[in-house]
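Chains as they are written, first to last, in our numbering: chain A, 729 to 1093; chain B, 21 to 223.
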């Protein structure tokens, strides 16, 4: 049965899915035909015959009571006590009243600042500027309906920097988060001590250790990772390490050969003599599979001028550059040409990143 | 007044909603009936994404009955759709709080629990096949399944979903796109498990 609903042409006909304009997508039309039988067909009730209790009637009855001076005095005293209690309670419960991300699925004793979140609390909220802290026994999940979920693992510190329409920003000071984001690409970002991760439509895990070094692992979609002018795009199945003051290293697929990964790590972060770096680059270029073309694409902007031609030649052998991309252009790091070549890799349209990166410069809240 | 005949285009929907809400607040029950005509599909879809289909019709009415006495508390009448969506989602949550677990998952089929597809597919989709597809949609993340059900089950367009639910059109479009991607993956996986021929093929 289900094969009948599988696309023969996997190209998304989004116009038809969106508003039924354009050529009907046969697959979606079949799904509509199959599922339309579950649509609402109930008759409207006759609301004129339905008796609805008026929620104001109770207060109207209270207002109609004859007030005596004694009753009024008692009521005033009771109101005063209630007001004092309310003020004291609101000071303690401030976290529930602020704009922020809801906290759910609490385990152990995570804290917002110094205040422990009770496990039976249903309305805890991480307000802007507040930090969620988990110890080695606790975890929690942050949720915003239109944005996504972020589960915070033990031994983590996560601060909410901004929350507004189209702009949600967290700071992972330490620990691990798992983010599943369904907001539009570019609307959700996480600062770390060594890079900023920008959602481009994805699910990913981000770890930061006590030194500020980080590791981002994408499991769905792709993520942009950036510090100053050093950027990395991490598609599903790939990882990327970061180091303070250096920024994102070169991302690679997790199934890449171990010597390839080790050489990348040394090349990105170990420094070393020019000879050592050349040897590491030799290893990377010789071990790169076709699938690792995206890693070599990143290396184009990470190697020195003298070595860029070597990377260009190897990348060309794996994925030939598209029309409009020239060797000279790549050697001088022409951004439009680099972007064209990236799009040729089929891992995502880089224009998404170029559109949104301006809004997510580090230190912009 | 024939409320059902009001312009349903997205641009005028909020304005018309406000007129209906204000009339309903003033005691005009037929105006509230007009709101029902406009939003019943949306409410039905939101509920169908969460609770067993056998209980959805009753819950649709309950949502409107819960909304009616509270209309006066709606400060921005143009946000009626978003407000009603929240009530529907809360009703679905209440449903699970009040019902025993076994009744809550009556037809919330996992892919493994879904009925086996028939060996010889016909052009017409059988009820069991349709139920299986619905079960697959309902295994998607909540945001995706709600939007996909509004689109594929209730027949609402993306702009209509955005106008009715108060979500941003961009978010709806992304939800539809990603939800459809995930549904395709699930259909593909199910297709590779089942001994079924593709369109036009004989098993």
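Glycine included, C-beta positions come from ideal geometry on N, C-alpha and C.
task = Specify, as a first and last residue, the run of the beta strand (DSSP E) that residue 952/A falls within.
result = Residue range 942–955 is occupied by the beta strand (DSSP E) that includes residue 952/A.
query = Taking a cut of 8 Å between CB atoms, which residues from the stretch 182–199 of chain B lie near chain A?
reply = 187, 188, 190, 191, 193, 194, 195, 196, 197, 198
query = What is the residue span of the alpha helix (DSSP H) that residue 935/A lies within?
reply = Per DSSP, residue 935/A belongs to no alpha helix (DSSP H); it is in the beta strand (DSSP E), 924–936.
inquiry  = Under DSSP, the beta strand (DSSP E) around residue 974/A begins and ends at which residues?
reply    = No beta strand (DSSP E) holds residue 974/A; DSSP gives it neither H nor E.
task = Identify which residue in 107/B, 44/B, 154/B, 199/B has its Cα closest to the Cα of residue 764/A.
result = Selected option, being the one with the closest Cα: 154/B.
query = Under three-state DSSP, which class holds residue 1032/A?
reply = Shown here, residue 1032/A sits in coil according to DSSP, grouped into three states, outside any helix or strand.
request  = Please compile the residues from chain A whose C-beta is within a distance smaller than 8 Å of the C-beta of residue 56/B.
outcome  = 772, 773, 775
key: Assigned secondary structure, residue 845/A (DSSP; H/G/I helix, E/B strand, else coil)   = Three-state result, residue 845/A: coil.
task = For the stretch 881–889 of chain A and the stretch 854–872 of chain A, state whether three or more C-beta atom pairs, one from each stretch, are separated by less than 8 Å.
result = yes
query = Closer than 9 Å, CB to CB, is residue 128/B near chain A or not?
reply = Because the pLDDT at residue 128/B is just 40, under 50, the model does not fix this residue reliably, and the value given afterwards should be weighed accordingly. Output row for residue 128/B: interface = no.
Which of helix, strand or coil DSSP assigns to residue 86/B = Here residue 86/B sits in helix by DSSP.
key: Below-9 Å beta-carbon distance, residue 40/B vs any chain A residue   = no
ask   = Alpha carbon to alpha carbon, how far is residue 58/B from residue 915/A?
value = When rounded, the distance between both Cα atoms is 31 Å.
ask   = According to a CB-to-CB cut-off of less than 7 Å, which residues of the stretch 737–762 of chain A neighbour chain B?
value = 740, 742, 745, 746, 747, 748, 759, 760, 761, 762
key: Sequence-distant residues of its chain with Cβ nearer than 7 Å to residue 984/A (five each side left out)   = In chain order, 1020 place their CB closer than 7 Å to the CB of residue 984/A, counting only its own chain and leaving out the 5 sequence neighbours on each side.
request  = Check each residue of the stretch 916–944 of chain A: if its Cβ is closer than 8 Å to any Cβ of chain E, include it; give the result in chain order.
outcome  = Of the chains in the structure shown, none is chain E; the protein chains are A and B.
inquiry  = With a threshold of 7 Å on Cβ separation, who are the neighbours of residue 40/B within its own chain once the five nearest residues in sequence on each side are excluded?
reply    = 23, 51, 54, 55
Contact set for residue 193/B: own chain, Cβ-Cβ below 7 Å, skip 5 residues either direction = 178
query = Looking only at DSSP bridge pairs, what is residue 906/A linked to?
reply = Note: residue 906/A sits in a beta bridge opposite 879/A, 933/A.
task = Closer than 7 Å, Cβ to Cβ, to anything on chain B: give me those residues from the stretch 864–889 of chain A, in chain order.
result = 874
message = Does the contact criterion of 3 or more C-beta pairs under 8 Å hold for the stretch 181–201 of chain B versus the stretch 99–109 of chain B?
response = Touching, yes, given that three or more Cβ pairs across the two stretches are closer than 8 Å.
task = Return the Cβ separation of residue 1069/A and residue 163/B in integer angstroms, given the expectation that the two are a contact with Cβ distance under 8 Å.
result = Taking 8 Å as the upper bound for CB-CB distance, residue 1069/A and residue 163/B are not in contact here, some 34 Å apart.
task = Hey, could you find the ends of the alpha helix (DSSP H) residue 188/B is sitting in?
result = Run containing residue 188/B: none; DSSP gives neither H nor E here.
task = Anything in chain A within Cβ reach of residue 50/B, meaning under 8 Å, just list it in chain order.
result = 775, 776
query = With 16 other CB atoms within 10 Å as the buried threshold, where does residue 180/B fall?
reply = When all chains shown are included, residue 180/B counts as buried.
ask   = Of the residues 88/B, 65/B, 76/B, 36/B, which one's Cα is nearest the Cα of residue 774/A?
value = 88/B
query = If you follow the beta strand (DSSP E) that residue 885/A is part of, which residue opens it and which one closes it?
reply = 884–892
request  = Can you give me the Cβ contacts of residue 94/B inside the same chain, cut-off strictly under 6 Å, excluding the 5 residues immediately before and after it?
outcome  = 103
ask   = Skipping 5 residues on each side, what residues in its chain have a beta carbon closer than 7 Å to that of residue 45/B?
value = 91, 92
query = Name the DSSP bridge partner or partners of residue 1094/A?
reply = Any property of residue 1094/A remains undetermined from this structure, which presents chain A solely from 729 to 1093.
key: beta strand (DSSP E) segment containing residue 833/A, residue limits   = 828–835
inquiry  = Taking 9 Å as the threshold (C-beta atoms), are residue 977/A and residue 992/A in contact?
reply    = yes
query = Between the stretch 62–82 of chain B and chain A, which residues of the former have CB atoms less than 7 Å from a CB of the latter, in chain order?
reply = 64, 68, 73, 77, 80, 81
message = Could you compute how far the alpha carbon of residue 1042/A sits from the alpha carbon of residue 958/A?
response = A direct Cα-to-Cα measurement between residue 1042/A and residue 958/A gives close to 22 Å.
inquiry  = Contact criterion: CB-CB distance below 9 Å. Does residue 133/B meet it with respect to chain A?
reply    = Low confidence applies to residue 133/B: its pLDDT is 42, below 50, so where it sits in the model is not reliable, and the reading given next is rough at best. Residue 133/B does not count as touching chain A.
ask   = Going straight from the alpha carbon of residue 833/A to that of residue 1048/A, what length do you get?
value = 48 Å
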